[in-house]
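Student: Numbering-wise (our numbering), the sequence shown opens with residue 36 and increments by one.
First the structure, then my questions, so here it is.
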Amino acid sequence: MSESVEFTPIVFPPRVLARISPELSLQRHLSLGVRPCLRAFEEFREVETSDGNLSRYSPKCNNTNSNNILGSNVLKSGSTIVITSITGGIVEDTLSSNELQEDDGFEPKESSMGTYDKSDFATVYPVVDIERGRVGLPTDEEMIISQMLHDDIRSSGIIPKKALEVICGIRTTDRDGKPAILYPDSDDMESADLIKILSYKQTRKWNYCLYAKIKVFSRDGPLYELCWNSLMYALQTVQLPRAFVDERATDLKIPVRTRGRTATIRETYDLLCDPDQSVQLSLNKSNIAYASRCGVIDVDPDVQLPEDDDQMELDRQNTILVADLQGEAEETSITSTISVITDADGSFKSVTLIGGTSNVSPEIIKSAFRLAKKRSQDLASKIL
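This is the structure in structure tokens:
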């Protein structure tokens with residue numbers, strides 16, 4: 036006598052199904068006209084941003100003695116939090132004195148194609164750290180995002196090299212014997228002080244160098260666009276400390292003996308930063324842009340749910356444009372992406388298109404550009 040075998044279907048909760056088969060879970064949601072995060076297909080997450088009072092120049096900063104942060108931003112998008120802090124250093128330019136004099140009238144040169152040469156602009160040196168509850172070497176994703184931020188900042192022409200030049204002042208003693216710092220671009224300088232500072236011939240040139248530390252918490256989707264937008268907000272809050280040298284050290288020279296047994300005279304400077312005075316980082320406002328990402332996916336009719344119990348449509352396959360990918364299911368299943376960096380006027384700074392497995396038509400690309408422009412306008416309105 037044969038025994039009957041009964042099979043009981045296993046039903047998984049939505050969260051468990053999303054971990055077991057993220058692509059199936061995403062296709063089931065798309066067939067219902069909704070995403071796993073319950074947002075519309077072309078809807079972006081709300082973004083909240085502030086400076087976080089991390090910078091030493093923030094009005095509410097309580098630690099100005101040991102704080103070396105020049106600009107900061109805290110960006111929250113959904114459950115993801117991105118904290119960007121910008122620090123700086125001063126490096127000496129290796130150009131000769133003749134080249135320095137020729138470079139005093141520096142202006143970005145426009146090419147015949149209407150674009151600026153990348154060598155006329157500076158960049159930021161970012162380090163991205165995605166918190167995962169453990170320590171160790173940086174991952175490939177962290178290093179790739181850091182390199183992309185570095186390259187895109189330079190190619191976008193946001194920071195002119197002229198903005199990072201150090202206008203060096205002189206610390207001197209006034210008539211009453213009190214120390215004072217004179218800067219050549221000061222508006223309230225007396226004629227005697229102006230003659231004194233103009234008599235000082237600077238034979239060396241220094242530049243500011245900016246470093247960005249970007250920490251990501253509660254990662255919930257692609258991160259490059261969030262890191263870029265947070266860095267854009269942080270750069271607009273950067274204050275550069277003024278630098279000066281002591282009057283007694285401007286003419287100081289020391290003998291240096293080289294291997295050729297010849298003594299040379301070399302000038303030495305003790306460059307100091309003014310703890311009280313700073314200048315706003317001058318950015319090319321017309322090139323400030325914000326990033327957004329869209330994904331393209333083909334709806335599979337084989338995994339769609341029927342509209343009712345007696346009828347199933349088999350000709351509903353189409354291509355969907357999904358804005359602002361969120362969650363593991365969308366990030367791993369949607370392989371065709373369009374990443375755009377554009378300003379509020381629709382001027383594109385960078386476009387990255389990955390074909391993947393979906394058919395990316397010109398109409399979808401136009402829709403992605405339209406969404407990117409609207410997203411940039413919304414993010415630009417949140418400037419602190």
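Yeah, the Cβ is synthetic: ideal placement off N, Cα and C, and Gly gets one too.
Report the CB separation of residue 155 from residue 196 in whole angstroms; it is logged as a contact under 8 Å.
Tutor: Indexing the sequence shown from 1 puts residue 155 at position 120. Indexing the sequence shown from 1 puts residue 196 at position 161. About 6 Å separates the two Cβ atoms, so the contact holds.
Student: Quick one, which of 69, 219 and 385 has its alpha-carbon nearest residue 373's?
Tutor: Numbered from 1 along the sequence shown, position 338 holds the residue referred to as residue 373. Nearest of 69, 219 and 385 to residue 373, Cα basis: 385.
Student: Pick from 406, 178 and 213: whose alpha carbon is nearest that of residue 76?
Tutor: Indexing the sequence shown from 1 puts residue 76 at position 41. Closest option to residue 76, Cα to Cα, is 406.
Student: What residue range is occupied by the uninterrupted beta strand (DSSP E) comprising residue 357?
Tutor: As a position in the sequence shown, residue 357 is number 322, starting the count at 1. Looking at the DSSP string, the run of the beta strand (DSSP E) that includes residue 357 is 354-358.
Student: Going by DSSP, name the residue or residues bridged to residue 241.
Tutor: By one-based count along the sequence shown, residue 241 stands at place 206. Its beta-bridge partners are 127.
Student: Please classify residue 146 as buried or exposed, where buried requires at least 16 neighbouring CB atoms within 10 angstroms.
Tutor: As a position in the sequence shown, residue 146 is number 111, starting the count at 1. Here the model assigns residue 146 a pLDDT of 41, short of 50, so the residue's position is not dependable, and the following value carries that caveat. The residue in question, residue 146, is exposed, as its Cβ has fewer than 16 Cβ neighbours within 10 Å.
Student: Looking at residue 333 and residue 402, is the spacing between their C-beta atoms short of 7 Å?
Tutor: For the purposes of this step, residue 402 is taken as residue 367 along the sequence shown, with counting starting at 1. For the purposes of this step, residue 333 is taken as residue 298 along the sequence shown, with counting starting at 1. Contact flag unset, no.
Student: How far does the alpha helix (DSSP H) with residue 106 in it reach, from first residue to last?
Tutor: For the purposes of this step, residue 106 is identified with residue 71 of the sequence shown, where counting begins at 1. Careful: residue 106 lies outside any alpha helix (DSSP H), inside the beta strand (DSSP E) at 106-112.
Student: Given a cut-off of 7 Å on the beta-carbon distance, is the pair residue 331 and residue 245 in contact?
Tutor: Locating residue 331 in the sequence shown gives position 296, counting from the first residue. Locating residue 245 in the sequence shown gives position 210, counting from the first residue. Against a cut-off of 7 Å, the Cβ pair of residue 245 and residue 331 comes out as no contact.
Student: So residue 71 is in the beta strand (DSSP E); what residue range does that whole segment cover?
Tutor: Taking the sequence shown and counting its residues from 1, one reaches residue 71 at position 36. Careful: residue 71 lies outside any beta strand (DSSP E) and carries neither H nor E.
Student: How big is the Cα-Cα spacing for residue 164 and residue 269?
Tutor: The sequence position of residue 164 within the sequence shown is 129, counting from 1. The sequence position of residue 269 within the sequence shown is 234, counting from 1. Spanning the two alpha carbons is a distance of roughly 16 Å.
Student: Identify the continuous alpha helix (DSSP H) that holds residue 275 and give its terminal residues.
Tutor: For the purposes of this step, residue 275 is taken as the residue at position 240 of the sequence shown. No alpha helix (DSSP H) contains residue 275, which is instead part of the beta strand (DSSP E) from 274-281.
Student: Quick check: what's the CA-CA separation for residue 106 versus residue 70?
Tutor: Translated into positions along the sequence shown, residue 106 becomes position 71. Translated into positions along the sequence shown, residue 70 becomes position 35. Taking the CA atoms as reference points, residue 106 sits about 36 Å from residue 70.
Student: Quickly, what does DSSP pair residue 120 with across the bridge? List them, please.
Tutor: The sequence position of residue 120 within the sequence shown is 85, counting from 1. Residue 120 has 107 and 248 as its beta-bridge partners, per DSSP.
Student: Since residue 389 is in the alpha helix (DSSP H), which residue starts that stretch and which ends it?
Tutor: On the sequence shown, residue 389 is found 354 positions in, with the first residue counted as 1. First-last for residue 389: 383-389, but that is the beta strand (DSSP E), not the alpha helix (DSSP H).
Student: Which of the three DSSP states is assigned to residue 350 in this structure?
Tutor: If you number the sequence shown from 1, residue 350 lands on position 315. Caution applies to residue 350, whose pLDDT of 44 falls short of 50 and renders its modelled position unreliable; the model cannot decide the point.
Student: Using CA coordinates, which residue listed in 416, 329, 415 and 414 is at the minimum distance from residue 400?
Tutor: Mapped onto the sequence shown, residue 400 falls at position 365. Nearest C-alpha to residue 400: 329.
Student: Can you say whether residue 91 is buried or exposed, counting buried as having 16 or more other CB atoms within 10 angstroms of its CB?
Tutor: Walking along the sequence shown from the start, residue 91 turns up at place 56. Buried is the call here.
Student: Give the DSSP-derived three-state secondary structure of residue 218 in the structure shown.
Tutor: Within the sequence shown, the letter at position 183 stands for residue 218. Residue 218: coil per DSSP, three-state reduction.
Student: Apart from the five residues on each side of it in sequence, which residues of its chain come closer than 6 Å, Cβ to Cβ, to residue 263?
Tutor: Residue numbering aside, residue 263 sits at position 228 when the sequence shown is read from its first letter. Here the set comprises 326.
Student: Have a look at residue 336 and residue 178 and give me their C-alpha separation to the nearest angstrom.
Tutor: By one-based count along the sequence shown, residue 336 stands at place 301. By one-based count along the sequence shown, residue 178 stands at place 143. Approximately 39 Å, taken between the alpha carbons.
Student: Three or more C-beta pairs closer than 8 Å, one from the stretch 113-124 and one from the stretch 250-262: is that the case here?
Tutor: Because the criterion of three Cβ pairs below 8 Å is met, the stretch 113-124 and the stretch 250-262 touch.
Student: Taking all protein chains shown into account, decide if residue 60 is buried (16 or more other Cβ within 10 angstroms of its Cβ) or exposed.
Tutor: Here residue 60 refers to the residue found at position 25 when the sequence shown is read from its first residue. Result: buried.
Student: Check this for me: beta carbons of residue 47 and residue 358, under 7 Å apart or not?
Tutor: For the purposes of this step, residue 47 is identified with residue 12 of the sequence shown, where counting begins at 1. For the purposes of this step, residue 358 is identified with residue 323 of the sequence shown, where counting begins at 1. Not closer than 7 Å, so no.
Student: Whose C-beta lies closer than 7 Å to the C-beta of residue 192 among residues of the same chain, with five residues either side of it excluded?
Tutor: Taking the sequence shown and counting its residues from 1, the one referred to as residue 192 is at position 157. Answer for residue 192: 151, 156, 319 and 322, listed in chain order.
Student: Measuring only the C-alpha atoms, how far is residue 354 from residue 387?
Tutor: The residue you call residue 354 lines up with position 319 of the sequence shown. The residue you call residue 387 lines up with position 352 of the sequence shown. For residue 354 and residue 387, the distance between alpha carbons rounds to 19 Å.
Student: By a C-beta neighbour count over all protein chains shown, 10 Å radius and 16 as the cutoff for buried, is residue 272 buried or exposed?
Tutor: Here residue 272 refers to the residue found at position 237 when the sequence shown is read from its first residue. Buried, by the Cβ-count rule.
Student: Ignore the nearest five residues each way along the sequence and tell me which others in residue 187's own chain have a CB closer than 6 Å to its CB.
Tutor: Numbered from its first residue, the sequence shown carries residue 187 at position 152. Only 385 meet the Cβ criterion.
Student: Can you give the Cα-Cα distance for residue 411 and residue 84, rounded to whole angstroms?
Tutor: The residue labelled residue 411 in the question sits at position 376 within the sequence shown. The residue labelled residue 84 in the question sits at position 49 within the sequence shown. Their Cα atoms are separated by approximately 14 Å.
Student: Just tell me which of 184, 200, 68 and 49 has its CA closest to the CA of residue 239.
Tutor: As a first step, residue 239 is located in the sequence shown; it is residue number 204 there, counting from the start. Between residue 239 and the set 184, 200, 68 and 49, the nearest pair of CA atoms involves 200.
Student: Taking the C-alpha atoms as reference points, what is the distance between residue 118 and residue 40?
Tutor: As a position in the sequence shown, residue 118 is number 83, starting the count at 1. As a position in the sequence shown, residue 40 is number 5, starting the count at 1. If I take the Cα positions, the gap works out to 58 Å.
Student: Taking 8 Å as the limit between beta carbons, can you name the residues of its chain near residue 189, skipping five residues before and five after?
Tutor: Numbered from 1 along the sequence shown, position 154 holds the residue referred to as residue 189. Counting only Cβ-Cβ distances below 8 Å, and skipping sequence neighbours, we find 153, 156, 157 and 158.
Student: I need the boundaries of the alpha helix (DSSP H) containing residue 57, first residue and last residue.
Tutor: Position 22 of the sequence shown, counting from 1, holds the residue named residue 57. Element bounds for residue 57: 57-66.
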